[in-house]
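Protein chains in written order, with numbering that gives the first Met the number 0: chain A, 0 to 414; chain B, 0 to 128. Remarks on the structure that follows.
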Amino acid sequence: MRRRIRNLLVLLLACMAVYYAWIHRPLSPAPWSDEDLVTLRSLSIASLPPLPADPSNAVADDRDAAIMGSLLFFDARLSANGEVSCATCHQPDLGFTDGLQKGRGIGESKRSTRSVVGVAYSPWLYWDGRRDSLWSQALSPLEDPQEHGSNRMHIVRLVTSEAVYRDMYRSLFGQVPAFTDTGRFPAAAAPIDDPDLASAWAAMRDIDRQAVNTVYANIGKTIAAFERSVLPQGTRFDAYVSALLRGDQKEQDALFSKDEVLGLQLFIGEARCTECHNGPLFTNDEFHNTGVLAYPGELPDRGRIDGLRLVLGNEFNCLGDYSDDQAQRCAELTYVRSGPELIGATRTPSLRNVSQTSPYMHRGQLATLAEVLQHYNRAPDAMIGHNEAKPLGLTGPQLKRLEAFLRTLAASSAR
Amino acid sequence: MLRNLCIALLFAAAFPAAAADAGWQSGAGLFRVTFQSELDPIVINRIHNWVLHIEDEHGAPVAGATLAVTGGMPAHDHGLPTAPQVTRELAAGDYVLEGLRFHMSGRWELQITITTDDSQDVVVISLDL
């Protein structure tokens with residue numbers, strides 16, 4: 000009996016050793032197929048189209064607006080305590096993110112900070128798509144009590160009274176309204192969930208509120224013009240695809256290790272990453288529930304199902320009074336979908352610079368790329384809604400190769 | 000009439016090529032559908048419009064029909080990322096379908112329910128992107 004157990008153990012160990020040796024065996028990448036080359040070309044930065052127009056923002060591509068927007072982006076005076084700017088969370092050296100689980104301005108945000116790089120290509124903003132333009136997004140943190148904690152009355156007064164901003168505003172938008180009459184324009188006011196600010200806002204005349212909103216929207220439009228200039232830079236991956244399409248084997252070998260090539264083959268194949276991380280920005284900008292768990296004690300994030308309600312009700316959306324899209328094209332907002340698939344769904348992030356933008360997922364739940372890959376390999380049941388992803392069944396070495404490939408997506412210097 | 004003809008000609012100029020020559024037959028064989036896409040070739044992640052052309056079983060254009068469009072990826076068990084709608088009829092049998100976007104490569108299916116005064120049928124258009 001004892002001998003039989005010993006034999007079984009020996010057999011089991013032998014099997015494990017064979018399995019271990021099998022999954023760790025040295026592999027040579029298979030040659031790329033024509034279909035693979037089409038996919039790789041589509042992922043390359045060379046396939047990035049020109050920036051999509053933003054008809055809702057008349058100054059979207061105005062250089063002076065971008066300059067004004069860049070000054071505002073880094074200006075902490077917009078915040079309630081004078082210490083928080085857009086760049087507090089969107090730090091250029093960290094791929095325009097902050098390295099934190101959740102954004103931290105005056106307080107802590109509900110979600111992780113998303114990168115600004117290439118964001119002008121997305122029809123939706125935020126993890127839940129609760130804004131539909133860069134300029135309407137740029138306005139939201141300013142009045143979020145956890146971020147800038149400010150109010151639009153303070154911000155329009157700052158911009159219209161400070162000499163540099165006032166001159167820039169005048170040259171971009173014409174007349175600068177005066178907000179000096181404190182009888183009509185209180186010190187602080189905003190239509191937000193703050194009783195004092197909301198009642199001050201409600202006490203103002205319609206025409207005065209509109210004047211404030213117009214300047215406020217224009218401020219967002221200049222920040223958007225700046226953010227449109229934050230574009231992805233070439234990476235080792237892009238150089239590899241270029242060498243591959245030229246047929247330059249020596250250059251390919253110099254750029255990518257065998258493991259990185261194998262990781263890339265998994266990325267566009269067995270690991271099914273390109274179902275969502277597709278195109279030259281490695282994102283389809285759509286909303287997917289991938290079963291990312293909430294932190295213990297936190298309610299699961301409802302994601303897009305709430306974001307949809309918020310974007311439809313947002314006064315600064317593409318169909319609103321402050322949009323410059325006179326023709327009311329707004330196709331994404333007009334033909335937006337609803338439905339149970341949106342429960343717990345969040346927007347696919349770009350993978351460019353992904354190794355610089357930890358931690359990961361909408362609330363920074365996963366600290367490392369290895370954890371993210373393990374998550375997708377397991378594809379656990381979602382806490383709410385339905386996890387679209389299916390378990391992948393990849394081995395440890397395969398996950399390591401995928402990670403090696405993902406690290407080739409870092410720009411040499413993120414702008 | 001002249002206005003509709005002008006709009007149809009403008010669309011024909013703007014929408015470069017027919018994406019499907021043979022067309023798709025509806026389930027009960029009542030209708031045949033072809034389409035022209037504003038994007039040619041159709042690429043993923045770009046919202047765009049189509050013009051659907053509907054004919055009856057004798058090849059005559061079907062005017063005044065009501066069209067409802069749904070769709071998705073059968074292999075992935077998910078729907079379309081947008082809610083496209085037929086917004087107007089350009090000319091007899093030519094309908095503008097607005098707000099289409101596809102967000103993954105692979106096989107997509109669009110189900111178009113065609114309702115006229117006296118009949119209803121569904122056509123399924125398959126696309127490999």
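Think of the CB as a built atom: it goes at the ideal place given N, C-alpha and C, for glycine as much as any other residue.
- For the options A:E314, A:E402, A:P49, A:L372, the alpha carbon positioned closest to that of A:S256 is the one of A:E402.
- Note that the C-beta distance between A:W126 and A:T345 is below 7 Å.
- At least one CB atom of chain B sits nearer than 7 Å to the CB of A:E274.
- Here A:G306 carries a helix assignment [DSSP, helix/strand/coil].
- The beta carbon of A:E285 falls within 7 Å of a beta carbon belonging to chain B, placing the residue at that interface.
- C-alpha of A:L405 to C-alpha of A:T112: approximately 20 Å in a straight line.
- Counting only the Cα atoms, B:F101 lies some 27 Å from A:S241.
- When the beta-carbon positions are compared, A:G338 and A:I383 stay at least 7 Å from each other.
- Restricting attention to beta strand (DSSP E) runs no shorter than 3 residues, the region 36-68 of chain A encloses none.
- Considered as a whole, the region 195-278 of chain A harbours 205-226, 235-245, 248-254, 257-267 as its complete alpha helix (DSSP H) runs of no fewer than 4 residues, in chain order.
- Within the region 305-335 of chain A, the residues whose Cβ lies closer than 9 Å to some Cβ of chain B are A330, E331, T333, Y334, V335, listed in chain order.
- Beyond the five residues adjoining it in sequence on each side, A:Y359 comes within less than 7 Å, by CB distance, of L365, V371 in the same chain, given in chain order.
- Counting only unbroken stretches of 4 or more residues, the alpha helix (DSSP H) elements lying wholly within the region 114-144 of chain A are 133-142, in sequence order.
- With contacts defined as CB atoms closer than 7 Å, A:F315 and A:S121 fail to qualify as a contacting pair.
- Contact residues of the region 38-50 of chain B toward chain A are V42, I43, N44, R45, I46, H47, N48 (C-beta to C-beta distance below 9 Å).
- In the three-state reduction of the DSSP assignment, A:D192 falls in the coil class.
- For B:G70, the closest Cβ of chain A is not nearer than 7 Å.
- Shown here, A:Y321 sits in coil according to DSSP, grouped into three states, outside any helix or strand.
- Put simply, the backbone Cα of A:P91 is about 15 Å away from that of A:G68.
- Residue nearest to A:T38 within the set A:G268, A:S357, A:V175 is A:G268 (criterion: CA-CA distance).
- Contact annotation: A:R129 and A:A189 have beta-carbon atoms that are not nearer than 7 Å.
- In the three-state scheme derived from DSSP, where H, G and I count as helix and E and B as strand, A:D33 is classed as helix.
- Per the DSSP secondary-structure output, B:H77 pairs in a beta bridge with B:M72.
- For A:N277, the chain B residues whose C-beta falls within less than 9 Å of its own C-beta are I43, N44, H102, M103, S104, listed in chain order.
- For A:V291, the closest of A:A64, A:G106, A:A378 by C-alpha to C-alpha distance is A:A378.
- The region 196-210 of chain A makes no contact with the region 45-57 of chain A: fewer than 3 CB pairs, one atom from each, lie closer than 8 Å.
- Annotation: B:P73 has no Cβ neighbours in chain A at a cutoff of 7 Å; minimum Cβ distance is about 14 Å.
- Around the beta carbon of B:P80, a 10 Å sphere encloses 16 or more other beta carbons of the protein chains shown; the residue is thus reported as buried.
- Counting other Cβ atoms within 10 Å of its Cβ, B:T114 stays below 16 and is therefore classed as exposed.
- Going by beta carbons, B:P83 and B:V68 fall inside the 7 Å limit.
- Per the DSSP secondary-structure output, B:V85 pairs in a beta bridge with B:L96.
- B:T81 belongs to the set of residues whose beta carbon lies under 7 Å from a beta carbon in chain A.
- For a cut-off of 8 Å, the C-beta gap from A:L307 to A:L341 is around 6 Å, short enough to register as a contact.
- Counting only Cβ-Cβ distances below 8 Å, A:G338 has contacts in chain B at G78, in chain order.
- For B:G98, the nearest beta carbon of chain A is closer than 7 Å to its own beta carbon.
- Between A:P231 and A:R351, the CB-CB gap stays under 7 Å.
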